[in-house]
Each structure stands twice: as C-alpha cells, then as structure tokens.
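Peer 1: All residue numbers in the sequence shown are consecutive under my numbering, ending with 184.
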Amino acid sequence: MTSSADHAPGPLGVPGHLFTAIDHVGMAVPDLDEAIAFYRDTFGMRLAHEEVNEEQGVREAMMAVGDSTSHVQLLAPLSPESTIAKFIDRNGPGCQQVAYRVTDVEAVSALLRERGLRMLYDEPRRGTSESRINFVHPKDAGGILVEIVEPASH
31 MTSSADHAPG PLGVPGHLFT AIDHVGMAVP DLDEAIAFYR DTFGMRLAHE EVNEEQGVRE
91 AMMAVGDSTS HVQLLAPLSP ESTIAKFIDR NGPGCQQVAY RVTDVEAVSA LLRERGLRML
151 YDEPRRGTSE SRINFVHPKD AGGILVEIVE PASH
C-alpha cells in the first residue's frame with residue numbers, strides 16, 4: 031500500500047519513490063545474434079531496438095517484455111578489452127545489471143550521493159536510444175550494478 035507521501039517531491043524535487051519503473055535488466059552475452067534468437071524464440075520477446083555503443087564497448091539489443099515498457103537488454107562485447115568482455119571472463123554470461131527508470135538522472139544521482147552512495151560517473155552519459163544514464167557502484171548496492179536511466183524525451 032502506498033500513501034500520497036510516497037509520491038511527494040523529496041530533496042531536489044525528486045519524487046520520494048525515486049524510480050518510476052524497472053527499465054531493463056542487462057544480460058551480458060558472448061554472441062548478440064544468438065541471444066536475440068534465444069529470447070525471441072524461447073520467451074516470445076520482440077526485438078525493440080538494436081545499436082552499437084562504441085563508448086561503452088558493446089553491441090546491444092533491447093528485447094520487449096510483453097506489452098510492458100520493460101526490457102531485457104542484451105549486451106555483447108565489441109572487443110576483449112570492453113567492460114562486458116571482462117564481466118563475461120570473470121563471471122560467465124548472465125545478469126550484469128538492473129536498471130531503474132527515473133525522471134531526472136542528475137537529481138537522482140545527487141540525492142543518492144547525499145545518501146552516501148558512489149556513482150560511477152560524475153556526469154550522466156549517453157545510454158541506449160539517447161537516454162541519459164549513471165550507475166551506482168556495486169559495492170554500495172549489495173554487489174548489484176544499479177543503473178539509473180532517464181529516457182530520451184522523444
């Protein structure tokens with residue numbers, strides 16, 4: 031049960047609940063085309079978006095989960111030096127992150143810093159489909175890489 035206080039603006043004008051939805055769960059995969067086929071053919075997910083993000087060293091696909099606005103993000107390394115390649119080398123393929131949708135990535139980042147969490151970037155970076163993103167350091171979030179995503183306005 032939620033109260034109206036849960037949705038009242040908090041510090042920096044950020045809603046008290048901070049996150050508006052689970053945006054996506056990121057899965058590190060060695061072969062993007064194989065993973066797309068698996069999620070499509072096995073789970074019935076639809077390919078919603080695919081792109082190469084040179085800055086993050088990945089080729090990625092967003093697989094739509096039913097009629098929701100949530101996705102499974104498939105992340106394949108562009109090179110053996112990429113963060114995703116290192117993740118796969120260390121942990122094997124699998125869940126790499128949980129991403130929460132926010133309305134203002136800068137305000138939420140500032141509030142999380144005030145609450146003692148380290149953010150990976152000083153300023154938001156470009157994410158999938160021109161979104162703006164930042165990450166909570168996994169050591170500050172129980173070993174989970176938490177991404178915050180402000181979708182592009184278009």
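Where a beta carbon is used, it is the ideal one built from N, C-alpha and C, also for glycine.
All values reported here derive from a predicted model rather than from experimental measurement.
Considering only the alpha carbon of each residue, which of D170, P154, S139 lies closest to F49?
Peer 2: Closest by alpha carbon: S139.
Peer 1: Using the Cβ count rule (16 or more neighbours within 10 Å means buried), how would you classify D71?
Peer 2: Answer is exposed; the Cβ neighbour count stays below 16.
Peer 1: Have a look at the DSSP bridge pairing and note the partners of A129.
Peer 2: DSSP output for A129 lists H54, E177 as bridge partner(s).
Peer 1: So with Cβ pairs under 8 Å, would you call T99 a contact of chain D?
Peer 2: Of the protein chains in this structure there is only one, and it is not chain D.
Peer 1: Quick check on DSSP: helix, strand or coil for H167?
Peer 2: Coil at H167, not helix or strand.
Peer 1: Determine the DSSP secondary structure at L62, reduced to helix, strand or coil.
Peer 2: DSSP places L62 in helix when its eight states are reduced to three.
Peer 1: Below 8 Å, can you find three or more Cβ-Cβ pairs linking the region 83-93 to the region 129-148?
Peer 2: These segments do not touch.
Peer 1: Taking the C-alpha atoms as reference points, what is the distance between R76 and V128?
Peer 2: In a straight line, the C-alpha of R76 is about 19 Å away from that of V128.
Peer 1: Decide yes or no for the touch test of the region 158-166 against the region 105-113: beta carbon pairs closer than 8 Å, at least 3 of them.
Peer 2: Too few Cβ pairs lie closer than 8 Å, so no.
Peer 1: Going by the beta-carbon positions, is the gap between P154 and V135 smaller than 8 Å?
Peer 2: The answer is yes: Cβ separation under 8 Å.
Peer 1: Quick check on R162: does DSSP put it in helix, strand or coil?
Peer 2: Three-state result, R162: strand.
Peer 1: What does M75 pair with, by DSSP beta-bridge criteria?
Peer 2: DSSP output for M75 lists no bridge partner at all.
Peer 1: Expressed to the nearest angstrom, what Euclidean distance is found between the alpha-carbon atoms of Y69 and D152?
Peer 2: Roughly 34 Å separates the two Cα atoms.
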